[in-house]
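Here's the structure, in structure tokens; my notes come after.
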Amino acid sequence: MPLRTDGDATPRGGRPATAAVVICSRDRPEMLERALAAVQRGVPDDTEIIVVDSASRDDRTRAVAERAGVRYLRSDIPGLSIARNIGLRATECDVVAYTDDDCEVAPDFLAELVVPFADPQVHAATGRLRDAHSAPSTPVTEEATTLTRILDGLDAGHGALMAVRRGPAVTAGGFDPILGAGRRFGGAEDMDMLCRLLRSGGTVARVPRSIVTHVFTREDDDYVRLNTNYGLGLGAMCAKWRRMDPAAGRSLTFRVARRGISRLVRRSRDTRTRTGQLAFLRGLARGFSEARRIPLDGQNFRDERPPAPVSAESEGIIG
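Numbering (full-length UniProt numbering), first residue to last: 1 to 319.
This is the structure:
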């Protein structure tokens, strides 16, 4: 299912990659419906769209996917990385693009995101994330940039709009199952994957013309919880890298910690930001400490304590 692009969008000598779009969702059918509608407006009719249900407690997620006419898969074990890996392995497309159920992609998001993959050295690409409450976006003229260093993975982009070349991502072991939303270390699965693809010798393209809007703003306790989870994930990621690649691990740890402290100092007068940064730093220290002794399987943590399976209330959903 080749992607449509404008006449000169594909570099000379290259070819458009085939792409699948994966949306992972849990117990947010209304958000999923909106996200799916935006995706379907922005891709060719023959694009493979996959909804991976990350252990929803009822069948509403499945119902939304069926009404939209897209492929539906389910995991009874919750966890964003687990769901993303299901989508990664379920398609034969060259490229797997991910967005979140609380996001709305721009109409041309995929056509722009897939262009860099005409270069076989590109193993991942990320789009531009904007907040629904920010000023209206203006046309983006900035060209894509190419990142090559492991440390660049920290700044490469966000899992709300990212794409990976399927082969290298599978070879790397997929997303780390205990990183990301729904797990003990609730973040950094996207940065960890980007860093690992860079470590393997691939490059990452940052594509500002591919845009996604985050439509769900976190407040109060949710905001603190979000920052805690980001810290936990990054702390665990740094602990893993310290063992997996000591030189890169030291650099990653130093940069993450320095940035966290710097943000706290710079924004200390803003109560909300200060509270969030303190939560992030506490999570960072805790994640690093708790993850240091978790065994590794290749480039991922060994998932020794997966959550209990969750069954949907309605019959007929297969785990």
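We treat Cβ as the ideally placed atom computed from N, Cα and C, and that holds for glycine.
Keep in mind it's a predicted model, so treat the numbers as computed, not measured.
Please report the straight-line C-alpha distance between R209 and P177, rounded to a whole angstrom.
30 Å
Can you tell me whether Q299 is helix, strand or coil according to DSSP?
coil
Evaluate S25 with the Cβ neighbour count: other Cβ atoms within 10 Å of its Cβ, from every protein chain shown; 16 or more gives buried, anything less gives exposed.
Buried: at least 16 other Cβ atoms inside 10 Å.
Is the CB-CB distance between T148 and L198 below 8 Å?
yes
At the level of alpha carbons, what is the spacing between V51 and Q299?
26 Å
Could you check whether the stretch 100 to 113 touches the stretch 155 to 169, counting it as contact only if at least three pairs of C-beta atoms, one from each stretch, sit closer than 8 Å?
yes
Residue range of the unbroken beta strand (DSSP E) whose run includes A285:
Premise fails: A285 lies in the alpha helix (DSSP H), T271 to A291, not in any beta strand (DSSP E).
Beta-carbon contacts of E112 that lie in its chain and below 7 Å, excluding the five residues immediately before and after
The answer, listed in chain order, is V207, R209 and S210.
At 4 residues or longer, what runs of the alpha helix (DSSP H) sit wholly inside the stretch 182 to 236?
189 to 199
Apart from the five residues just before and just after A33, which ones in its own chain have a Cβ nearer than 6 Å to its Cβ?
First, the amino acid is wrong: residue 33 is Glu here, not Ala. Excluding positions up to five away in sequence, the list reads V64.
What residues match up with R165 in a beta bridge as DSSP calls it?
V95
Take every Cβ of the stretch 60 to 80, pair it with every Cβ of the stretch 281 to 295, and state whether three or more of those distances are shorter than 8 Å.
no
Could you spell out the range, first to last residue, of the beta strand (DSSP E) harbouring L73?
R71 to S75 is the span of the beta strand (DSSP E), which, as asked, contains L73.
Taking contact to mean at least 3 C-beta pairs separated by less than 8 Å, is the stretch 272 to 284 in contact with the stretch 303 to 312?
no
Between the Cα of C195 and those of S251, T141, G182 and G231, spot the shortest distance and give me the residue it belongs to.
Per the Cα distances, S251.
State the CB to CB distance for the pair G79 and G180, rounded to an integer number of angstroms; the pair is presumed to be in contact (CB under 8 Å).
Sure, about 6 Å apart at Cβ, within 8 Å.
Euclidean distance between Cα positions of D108 and V43:
Answer to the nearest angstrom: the Cα atoms are 7 Å apart.
How is the alpha helix (DSSP H) around G87 delimited, first residue to last?
L80 to A90
Could you tell me the distance, in whole angstroms, from the CA atom of M237 to the CA atom of I86?
21 Å
Could you please give me the residues that DSSP links to S54 through a beta bridge?
In the DSSP output, where bridge partners are listed per residue, S54 has S75.
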